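Number 435 in this note's numbering belongs to position 114 of the sequence shown; there are no gaps in the numbering. By construction, the Cβ of each residue, glycine as well, lies at the ideal position given by its N, Cα and C atoms. The structure displayed is predicted, hence computed values, not measured ones. First up is the structure itself, then whatever we jot down about it.
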Amino acid sequence: MKKNNILSSKRLEELKRKKRRKLINRTIIFFLFFLMFFIGLSFLFKWQKINISQITISGNRVVSIEKIEEIINSNMEGNYLWLFPKSNFLICPEKKIKSELLQKYKRIKDISFSNEEPDKLEVLVSEYEGKYLWCGISIPTLNKNNDDNKCYFLDNKGYVFDEAPYFSGEVYFKFYGHNNGELLGSYFLKDYWVNIISFKNNLEQLNLRPTAFWLDENEDGNMALSYGPMIGPRIIFKMDSDFEKLAENLQAALSTEPLQSNFKNKYSSLLYIDLRFGNKVYYKFTKELKNE
Numbered sequence: 322m323k324k325n326n327i328l329s330s331k332r333l334e335e336l337k338r339k340k341r342r343k344l345i346n347r348t349i350i351f352f353l354f355f356l357m358f359f360i361g362l363s364f365l366f367k368w369q370k371i372n373i374s375q376i377t378i379s380g381n382r383v384v385s386i387e388k389i390e391e392i393i394n395s396n397m398e399g400n401y402l403w404l405f406p407k408s409n410f411l412i413c414p415e416k417k418i419k420s421e422l423l424q425k426y427k428r429i430k431d432i433s434f435s436n437e438e439p440d441k442l443e444v445l446v447s448e449y450e451g452k453y454l455w456c457g458i459s460i461p462t463l464n465k466n467n468d469d470n471k472c473y474f475l476d477n478k479g480y481v482f483d484e485a486p487y488f489s490g491e492v493y494f495k496f497y498g499h500n501n502g503e504l505l506g507s508y509f510l511k512d513y514w515v516n517i518i519s520f521k522n523n524l525e526q527l528n529l530r531p532t533a534f535w536l537d538e539n540e541d542g543n544m545a546l547s548y549g550p551m552i553g554p555r556i557i558f559k560m561d562s563d564f565e566k567l568a569e570n571l572q573a574a575l576s577t578e579p580l581q582s583n584f585k586n587k588y589s590s591l592l593y594i595d596l597r598f599g600n601k602v603y604y605k606f607t608k609e610l611k612n613e
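Put into structure tokens, the structure is as follows:
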């Protein structure tokens, strides 16, 4: 009986050893197969016809092709896991390229990629369009030219994206004042923007020529009107006003004597029109104060 038990134990041990050997052999075979597969796949991924060798960039107007190409090429250098080239059109790091370009060049609004052919990368760039200027924190003074300030472009939503070259005169509507945090890549006066632009457009419909905006020490809005190369008279208003009502009150005042005639004949001596007091419209010429 004991002899049979011993024989059974030996057989079991032998069977266990065989199973372990089979498992080890299968693991080795699987590993070798897996390794060969990856090596073969890496050779396939290095095939010249499916690796990007030509880059076409379009849509850019200010950011140069060379600057865009520099970032694209630097991100396509090297390999993933030392085996798979980043220049392969299937695994090209487009998201990383886009993120880096948007971070470095605030003027770039969006980027898209396409591969009509595996070895050719087409890059379509769209840039923000400058609609307005921010020209410093200093408030412009009456009849003083402030063109020496460094200015930055803003798009139609108030996004600040790039330093602007020098412009003389009134080529762009200008904003002045503090902006919370970093200027580039931020929105200027985000909470007020829509109302400011709406009021500016209303003034233009009244055949006025607004040229600049700023908030004064009381957080009241100031809209400067054109006066040749210098900042002219200003319109003062509260930022929480009904801006359509403001425009209506201003239109009514400009259509009523004596302001109607004085505005036309004495414009150069006008200091301000004040819309902060409901339906009352105050205005001041060089040495007089009146209201409508």
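Neighbour-count burial assignment, Phe494, 16 or more Cβ in a 10 Å radius: buried
Reference Pro414, options Leu546, Leu442, Phe496, closest by Cα: Leu442
Status (buried if at least 16 other CB within 10 Å, exposed otherwise) for Thr348: exposed
Opposing strand residues paired with Phe366 [DSSP bridges]: In the DSSP output, where bridge partners are listed per residue, Phe366 has none listed.
Euclidean distance between Cα positions of Lys417 and Met397: 10 Å
Backbone secondary structure at Ala485 - three-state DSSP: coil
Cross-strand partners of Thr377 (DSSP beta bridge): Glu443
Of the residues Ile378, Pro406, Ile458, Ile376, the one placed nearest Leu365, counting alpha carbons only: Pro406
Beta-carbon proximity of Leu596 to Ile552, cut-off 8 Å: no
Residue nearest to Gln277 in terms of C-alpha spacing, selected from Ser589, Glu569, Ile371, Leu505: Residue 277 lies beyond the stretch modelled for the chain, which goes from 322 to 613, so this question has no answer here.
Sheet register partners of Glu448 (DSSP bridge): Ile429
Host alpha helix (DSSP H) of Lys521 (start-end): 514-526
Leu475, DSSP secondary structure in three states: strand
Limits of the alpha helix (DSSP H) - the one that Phe298 falls within: The displayed coordinates of the chain run from 322 to 613. Any statement about residue 298 would go beyond what the structure contains.
Val383 burial status per 10 Å Cβ neighbour count (16 or more: buried): exposed
Distance CB(Lys430)-CB(Tyr453) smaller than 8 Å: no
Residue closest to Ile360, alpha-carbon to alpha-carbon, out of Ser447, Lys343, Leu404: Leu404
At least three beta-carbon pairs within less than 8 Å, the segment 580-592 to the segment 519-536: no
Cβ-based burial, Trp368 [other Cβ within 10 Å; buried from 16]: exposed
Same chain, Cβ closer than 6 Å to Trp514, neighbours up to 5 away in sequence not counted: Gly479
Reference Tyr588; option with closest CA among Leu475, Glu565, Ala545, Ser562: Ala545
Ser435 and Tyr497 closer than 8 Å at C-beta: no
Residues near Asn516 in its chain [Cβ-Cβ closer than 6 Å; skip 5 each side]: Phe564
Ser547 - DSSP class collapsed to helix/strand/coil: strand
Residue nearest to Phe584 in terms of C-alpha spacing, selected from Arg332, Glu484, Asn528: Asn528
Test: Leu365 CB closer than 8 Å to a CB of chain C: You won't find chain C in this structure, because it holds only one protein chain.
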